Amino acid sequence: MTSGPWKMESQRSYFGKALIELGRRNPDVVVVGADTTESIKTIDFGKAFPDRLFQLGIAEPNMISVAAGLAAAGKIAFAATYSVFGSGHTYNVIRQNVAYTNLNVKIFCSHAGLTVGPDGATHQINEDIALMRGIPRMTVLVPADGPETAKCVDAAAAMKGPLYCRFSRTNVPTVTSTEDDFAIGRARVLRDGSDVTLIGCGLMVARCLEAADRLDRDGVEARVVNLSTVKPLDVATIDRAARETGGIVTAEEHTIVHGIGSAIATVIAANHPVPMGFVGVQDVFGESGEAEELLRKYGLTAEKIVDAARDVMKRRGPTR
Amino acid sequence: MRRAPEGRDKALNYRAPSLRRKPGRGRVVVDVSEELIRGLKKKAVTLRKHIIRMTHNVQSGHPGGSMSACDIVTALYFQVLRVDPKKPQWPDRDRFVLSKGHACPVWYAALAERGFFPVDELMTFRKINSRLQGHPELGTTPGVENAAGAEGQGLSFSVGLSLAARMDHKAWRVYCILGDGEQDVGQTWEAAMAASKYGLDNLTAFIDRNGIQQEGRTEDIMPLEPLAEKWEAFNWHVLTIDGHDFRQILAAIDEAHRTKGRPTAVIARTVKGKGVSFMENKIKYHGAATSDDELKLALAELDAQEAAV
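Here the protein sequences line up with chains A and B, keeping their order.
Under the numbering used here, the first residue of the first sequence carries the number 1, and numbering increases by one thereafter.
Under the numbering used here, the first residue of the second sequence carries the number 1001, and numbering increases by one thereafter.
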């Protein structure tokens, strides 16, 4: 797969539509919201099924616990809002009422990361993957684009137990297609290569593909992996990448502290140590600005991925 | 979606045929047999003995708040709740949610006495490899319906259960016991708003108003009064009762069942450590077990109460 030109599409729209289709197929699906239902597109689910959407106001802890109660009574409860509220503000409620209880609560959050844009740092959570992947029993998904977000909805409903899925406010490049296979726990190799592996999640997958194109111009064959499941991690695909390409660069719109880079580094260090590079937010808060400007300012670009790949290859040395 | 009715008068005006109201006092007494009340009193003493033994055995746990809630739990499990110990997951069972999770000794004691698991197992409470965790865990202990420990989440969880029962047109009801310390928690009031928004008349919340939380009197730590007025302002049907008087507890539940269009909050005035003289109203016994000597004294007092019933 090469880079672009890609269609820019809204993950929220895919999410909203997928939820309605799921709701049609499965009457046990219910949705709770926290005064963001229009923005996150769950309002349309409410129009289709008026008695299955519960608007609970600006009270996210209550929203999560209500979802847990609904799930305890046999429902599949989707709790949807912005990431900063749906993960950060509700952390201990998710921990005790959703994960410890192992209930069918599916937390779908948009507005993750820097690309929330002008709202600024208060709304740009770059720590949600770290929070959620640390909780036992949680499944954590980061879909690369709209079609994959829709697949996450179906997969979430089909699996038993708690799940967190984060995606973007901004339109993102559509790098997958509706026909592509998707399974929780499986990372997909989008482009093969043997010199280095670029593993990205969310909107950084497109940037990994772009970086691979640039590296290709210099004769470097980069493998690109779409890590849409952060937990459980696809250890086999990561191990294979380490063995076959000898170096790994991770790219995430998230702090490098306990994000996907950390998760992958744990596997790499334990199984097959190779040099790694980490492209992500460098343990700082964001700020107001347009999505693209922010990505550039905070180093979440194809150029940075290329630089990291070269650095990894340099550190690996000629012995390989 | 059904909403709470405008104003509170309609619900307050009803008068259940089984209830006698003492003139001018606003208190209710339900006509139930002496025999029934004696049976509940005996059972409550049994549960209190379990609480004392369990917490003494492991030298930890929270006896005070378990004993204040004991009579409410006894009334629910031995008179009110439609549950089947042989089928803990029976879909049409009533749901009991213990929001004040630290009081789980009383829950475990009631579940064991009700036949959900062997009474002997109570002595594994808080020990390694036990099904009886220091705070309730869902899925491990037969009959336990929620996880609690971090305060203030149980009423929200109950709202979710109540919404599900209503969606499915089920007759099962939800009973939640909250601590008065939990009234400090913002989420409790988020849940209170949601329950009245959806007019959840299948939900009854008991507030175990023992007046003491971990570090002192509730009114010193964070003043709660006027508490009944707070719940009324949140558009709940509110009753204030003596939480150790079975007639009042049963009458309150009866009234909650008959109240349509909104949830009922029962503010149960209780005594922390109720049943053992030297533990009553003592802050220490929120989270401290009895010593060996205290154990003997406590059990002797409870034995005497049992004999007097």
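Every residue, glycine too, gets a C-beta built ideally from N, C-alpha and C.
Keep in mind the model is a prediction, meaning the values are calculated, not measured.
- Cβ-Cβ distances below 6 Å link N271(A) to D239 in the same chain, with the five nearest sequence neighbours on each side left out; the list follows chain order.
- Taking a contact as a CB-CB distance under 8 Å, the pair A1112(B) and A1069(B) does not count as one, their CB atoms being some 16 Å apart.
- The DSSP-derived three-state label of M1067(B) is helix.
- According to the DSSP assignment, R166(A) belongs to no alpha helix (DSSP H) but to the beta strand (DSSP E) extending over 163-166.
- Distances from the alpha-carbon of A1075(B) to those of Q1305(B), A1165(B), D1201(B), A1268(B) put A1268(B) closest.
- I1177(B) places its beta carbon less than 7 Å from that of D1208(B).
- No Cβ of chain B is located within less than 7 Å of the beta carbon of T90(A).
- With a threshold of 7 Å between beta carbons, S87(A) makes no contact with chain B.
- Within chain A, the C-beta atoms nearer than 7 Å to that of E1190(B) come from A59, P61, N62, in chain order.
- Secondary structure in the region 1041-1129 of chain B: the alpha helix (DSSP H) runs of 4 residues or longer, each lying completely within the stretch, are 1063-1068, 1070-1075, 1104-1114 in chain order.
- Proximity of chain A to V1159(B) at the Cβ level (cut-off 7 Å) is accounted for by V66, G69, in chain order.
- Selection L1302(B), A1228(B), P1091(B) evaluated against H1169(B) yields P1091(B) as nearest (Cα-Cα).
- Interface residue (Cβ-Cβ distance to chain A less than 7 Å): S1099(B) is not classified as such.
- What S1130(B) touches in chain A, judged by beta-carbon distance under 7 Å, is nothing: the nearest beta carbon there is about 16 Å away.
- Against chain A, the CB of A1205(B) has no partner CB under 7 Å away; the residue lies outside that interface.
- Classified as buried, Q96(A) has 16 or more neighbouring CB atoms from the shown chains inside 10 Å of its CB.
- Per DSSP, M132(A) is not a residue of any beta strand (DSSP E); the alpha helix (DSSP H) it occupies stretches across 128-133.
- In the DSSP secondary-structure assignment, S110(A) is bridged to Y82(A).
- Here A1289(B) is near H1056(B), since their CB atoms are less than 7 Å apart.
- Per DSSP, the continuous alpha helix (DSSP H) segment holding G146(A) begins and ends at 146-158.
- Taking C-alpha positions only, E1034(B) is separated from R1247(B) by approximately 10 Å.
- Per DSSP, C208(A) is one residue of the alpha helix (DSSP H) stretching across 204-217.
- Between K41(A) and F15(A), the beta carbon gap of about 6 Å places them in contact (Cβ cut-off 8 Å).
- In terms of Cβ geometry, P275(A) and R316(A) form a close pair [threshold 7 Å].
- In the DSSP assignment, A251(A) falls within the unbroken beta strand (DSSP E) covering 248-255.
- Shown here is that no member of the region 183-214 of chain A has a Cβ falling below 8 Å from a Cβ of chain B.
- Secondary structure at N226(A): strand, using DSSP grouped into helix, strand and coil.
- For F1206(B), the enclosing beta strand (DSSP E) has its first and last residue at 1203-1209.
- Per DSSP, the unbroken alpha helix (DSSP H) holding D1293(B) starts and ends at 1292-1308.
- Inclusion of Q1183(B) and S65(A) in the CB contact set at 7 Å is not warranted, their separation being larger than that value.
- Contact annotation: the region 200-216 of chain A touches the region 291-307 of chain A, with at least three C-beta pairs closer than 8 Å.
- For Q11(A), the enclosing alpha helix (DSSP H) covers residues 11-25.
- Distances from the alpha-carbon of P1118(B) to those of P1142(B), N1129(B), F1096(B) put P1142(B) closest.
- Taking a Cβ-Cβ threshold of 7 Å, the residues of chain B close to F54(A) are L1163, in chain order.
- By the neighbour-count criterion, in which a residue is buried when 16 or more other Cβ atoms sit within 10 angstroms of its Cβ, D1303(B) is exposed.
- With respect to the 7 Å criterion, A157(A) and I94(A) are not classified as neighbours on the basis of their beta carbons.
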